[in-house]
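Residue numbers (my numbering), protein chains in the order written: chain A, 1 to 251; chain B, 1001 to 1179.
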């Protein structure tokens, strides 16, 4: 088995699953009905993408782990998502800023993956790209509305950007797994992806009258290697409870 | 029980009667998710379907409905094949499907879906519009036909729909997004 590809697929799946689970927490609790529906729909898209990544990862591994096994029977240290995605929902500016940072990266990354040397990865990316495009259009719009809104929404949105900024560097901080995938033509290189990300974030921040923190700021890392913040454990405890208590339970 | 002599055309005709579980006025063929039908010599039938959205909860129901319908017509060996590429697009929705949607009160996709290859980062990034994305579509009210309408929410009752309201007849309505 190609360990690097398996790990890379896990990262793709874990990112989508952890954010999907996070925003599903707001189901029935969104700040407005339209936001509630939007968040749950985005969550559903991400969950669907998770299944596609995990199915491929499980097949590649060949150890009989299917998508459910990978989602429900791994502990926090075995998850490979970026730290950004496990951060708590906070206020709505926090929720949407996290979403916007991720969606921007996701959009450019998935776009690049449609040209992956791995046909199956390219196919999943092609399937996901339109969904991801729609997500980014929406979260960018919300960041502009909140940032260029009332003095209070502006202050909260700026605070959200400042607080979450240190988690954005990890998306472009490549290790041996990422680099092996770049070398194999499977994944896009970090530098151009980061440049595209910074350009789009800067454009939206300018329109939102927000100050973009320095790209050279100190950045957190560790999520992709399984070193997580305390928040992931709580998230998994809720998400995995049923399968842990009643393994193999079905509807 | 029929076993032999079922033609591909016959299978398509049967599938044209399998309703979408969430929008029962259109069939899975109208929706464009059935991509291919093959009938082997021994009568084994393979139907290739393409999911609409990655997380669409109706896909499993659709797959089951397709298999059930063909079995009800006497086909013993039905195989479903899910194919991701080329990715499903609303451009594959039939004209009759769009007319049926309108009659049901859902505005059909108002323009061609965005060509993925045309999505590129550009200098003129505007609010609500992604790099390379075109202007917002003109959506006609399915009740009165007015194009004087407004987007209420980018997401509606299902992932494939957005919520609009008509500024003339004042009716809110679902819009089947271009995808």
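Backbone N, C-alpha and C define an ideal beta-carbon position, used for all residues, glycine too. Everything numeric in this text was worked out from a predicted model, so none of it was measured.
Check: residue i C-beta below 7 Å from any heavy atom of the ligand ZN
i: residue 222(A); result: With respect to the ligand ZN, the structure offers nothing, as it holds no ligand at all.
Interface flag, residue i vs chain B, CB-CB below 8 Å
i: residue 48(A); result: yes
i: residue 24(A); result: no
i: residue 194(A); result: no
i: residue 81(A); result: no
i: residue 45(A); result: yes
i: residue 52(A); result: yes
i: residue 138(A); result: yes
Proximity test, Cβ basis, 8 Å: residue i and chain A
i: residue 1074(B); result: no
i: residue 1056(B); result: yes
i: residue 1108(B); result: no
i: residue 1027(B); result: no
i: residue 1152(B); result: yes
i: residue 1159(B); result: yes
i: residue 1148(B); result: no
i: residue 1118(B); result: Model confidence at residue 1118(B) stands at a pLDDT of 35, short of 50, so the residue's coordinates are unreliable; what they give is reported in the following sentence. No, residue 1118(B) lies away from the interface with chain A (no Cβ there is under 8 Å from its Cβ).
i: residue 1125(B); result: Any reading at residue 1125(B) must be qualified, since the residue scores a pLDDT of 37, below 50, and its modelled position is unreliable; the value itself is stated next. So yes, residue 1125(B) belongs to the interface.
Bridge partner(s) assigned by DSSP for residue i
i: residue 1037(B); result: 1047(B)
i: residue 1176(B); result: 1161(B)
i: residue 1082(B); result: 1049(B)
i: residue 1150(B); result: 1165(B)
i: residue 1019(B); result: 1027(B)
i: residue 1106(B); result: 1174(B)
Separation of residue j from residue i, as counted between CA atoms
i: residue 1027(B); j: residue 1038(B); result: 19 Å
i: residue 1137(B); j: residue 133(A); result: 16 Å
i: residue 1154(B); j: residue 1005(B); result: 48 Å
i: residue 1162(B); j: residue 1042(B); result: 45 Å
i: residue 169(A); j: residue 209(A); result: 22 Å
i: residue 222(A); j: residue 18(A); result: 15 Å
i: residue 180(A); j: residue 137(A); result: 31 Å
i: residue 1101(B); j: residue 1033(B); result: 16 Å
i: residue 83(A); j: residue 241(A); result: 22 Å
i: residue 1170(B); j: residue 1152(B); result: 12 Å
i: residue 34(A); j: residue 44(A); result: 15 Å
i: residue 251(A); j: residue 1058(B); result: 16 Å
i: residue 189(A); j: residue 48(A); result: 25 Å
i: residue 124(A); j: residue 1145(B); result: 37 Å
i: residue 3(A); j: residue 9(A); result: 10 Å
i: residue 1106(B); j: residue 1165(B); result: 11 Å
i: residue 1019(B); j: residue 60(A); result: 36 Å
i: residue 1031(B); j: residue 150(A); result: 43 Å
i: residue 193(A); j: residue 1072(B); result: 51 Å
i: residue 62(A); j: residue 55(A); result: 11 Å
i: residue 98(A); j: residue 31(A); result: 16 Å
i: residue 243(A); j: residue 249(A); result: 6 Å
i: residue 161(A); j: residue 112(A); result: 26 Å
i: residue 1021(B); j: residue 152(A); result: 44 Å
i: residue 51(A); j: residue 67(A); result: 6 Å
i: residue 1188(B); j: residue 105(A); result: Outside the modelled stretch of chain B, which goes from 1001 to 1179, sits residue 1188(B), for which no answer is possible.
i: residue 217(A); j: residue 200(A); result: 18 Å
i: residue 127(A); j: residue 1095(B); result: 23 Å
Contacts that residue i makes with chain B (C-beta to C-beta distance below 7 Å)
i: residue 14(A); result: In chain order: nothing, as chain B lies at least about 16 Å away.
Residue i: contacting residues in chain A (beta-carbon distance under 7 Å)
i: residue 1155(B); result: 37, 38 and 41
Partner residues on chain A for residue i, Cβ-Cβ distance less than 9 Å
i: residue 1163(B); result: 34 and 37
- Message: Taking beta-carbon pairs under 9 Å, can you tell me which members of the stretch 1067-1093 of chain B lie near chain A?
- Response: 1083, 1084, 1085, 1086, 1087, 1088 and 1089
- Can you list, in chain order, the residues of the stretch 110-134 of chain A whose Cβ is nearer than 9 Å to any Cβ on chain B? 111, 114, 119, 120, 122, 123, 124, 126, 127, 128, 129, 130, 131, 133 and 134
- Query: Going along the stretch 24-39 of chain A in order, which residues come within less than 7 Å of chain B, judged by CB to CB distance?
  - Reply: 34, 37 and 38
- Task: Check distances from the C-beta atoms of the stretch 1039-1063 of chain B to those of chain A and list, in chain order, the residues that come in under 8 Å.
- Result: 1051, 1053, 1054, 1055, 1056 and 1057
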